[in-house]
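Numbering (full-length UniProt numbering), first residue to last: 1 to 233. Scroll down for the structure; my scribbles are underneath it.
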């Protein structure tokens, strides 16, 4: 009995070894800090992406239906907010005042965004007493330097192909649609575009009374365009 008591006393007096808990040393804290930092970075990235999706840009649009040739006023324009419109071919809201006084080259419906290529100066569209005639010109029928807005003289070199018309069929100079004899027709170049074969395609703004004769000559490849200083006539 004494031996048992002694062993029990020794066992009780020996301090128990503490159980080791999961280490919370510096290495673990570093991993926890890294994880928290990654969570913060991810949250910032998500917020930035959502901000880009919700970002809206002001663009200029037509306030009502507008016909081609119309000269814009402030009442014709308004600003619309559109998400993701940075890549659209439209005039930004900051340039709305610059559009006043420009002429529409194509019709627009209400609330349609206004693209820069749909605008021109007051000289880029015919007036009510003018017409636009298209012509394809070879390199010997127009100067290579011909450009949009140039004042030109359109010289008709023939009116028909084949046999000339009889005296009875020949048009009388001075009649509507017939230019005066041996007079060049004054015109303005609305557009000019080079073709693949070295020629050029032009649009000419001229008096409506001269449009028929010039159009006939253009279809017969029988006109020459001469650039002049300050107009022709």
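For glycine and all other residues, C-beta sits at the position ideal for the given N, C-alpha and C.
Taking residue i as the reference, which of the options has the closest Cα?
| i | options | result |
| --- | --- | --- |
| residue 69 | 212, 76 and 105 | 105 |
| residue 152 | 143, 188, 144 and 133 | 188 |
| residue 107 | 197, 61 and 201 | 61 |
| residue 88 | 115, 76 and 79 | 115 |
| residue 137 | 59, 207, 211 and 195 | 195 |
| residue 142 | 200, 98 and 229 | 200 |
| residue 117 | 90, 100, 157 and 111 | 90 |
| residue 128 | 212, 111 and 208 | 208 |
| residue 140 | 198, 65, 190 and 212 | 198 |
| residue 101 | 192, 76 and 226 | 76 |
| residue 144 | 190, 57, 103 and 225 | 225 |
Give the DSSP-derived three-state secondary structure of residue i in the structure shown.
| i | result |
| --- | --- |
| residue 219 | helix |
| residue 151 | strand |
| residue 111 | coil |
| residue 198 | coil |
| residue 61 | strand |
| residue 69 | coil |
| residue 96 | helix |
| residue 127 | coil |
| residue 83 | strand |
| residue 214 | helix |
| residue 135 | strand |
| residue 141 | coil |
| residue 91 | coil |
Should residue i be labelled buried (16 or more other beta-carbon atoms within 10 Å of its own) or exposed?
| i | result |
| --- | --- |
| residue 67 | exposed |
| residue 147 | exposed |
| residue 210 | buried |
| residue 22 | Here the model assigns residue 22 a pLDDT of 49, short of 50, so the residue's position is not dependable and the matter cannot be decided. |
Please state if the CB of residue j and the CB of residue i are separated by a distance shorter than 9 Å.
| i | j | result |
| --- | --- | --- |
| residue 218 | residue 133 | yes |
| residue 131 | residue 205 | yes |
| residue 154 | residue 185 | yes |
| residue 93 | residue 63 | no |
| residue 156 | residue 222 | yes |
| residue 214 | residue 150 | no |
| residue 96 | residue 80 | no |
| residue 99 | residue 113 | no |
| residue 202 | residue 212 | no |
Starting from residue i, follow its DSSP beta bridges and name the residues at the other end.
| i | result |
| --- | --- |
| residue 120 | 103 |
| residue 157 | According to DSSP, residue 157 bridges with nothing at all. |
| residue 228 | Per DSSP, none; premise fails for residue 228. |
| residue 187 | 152 and 206 |
| residue 77 | 62 |
Measuring only from the beta carbon, is residue i closer than 8 Å to any heavy atom that is part of the ligand NAD?
| i | result |
| --- | --- |
| residue 146 | In terms of ligand content, the structure shown is empty, and the ligand NAD therefore cannot be addressed. |
Would you say residue i lies against chain B (beta-carbon separation less than 9 Å)?
| i | result |
| --- | --- |
| residue 154 | Looking at the structure shown, chain B is missing, and only one protein chain is on hand. |
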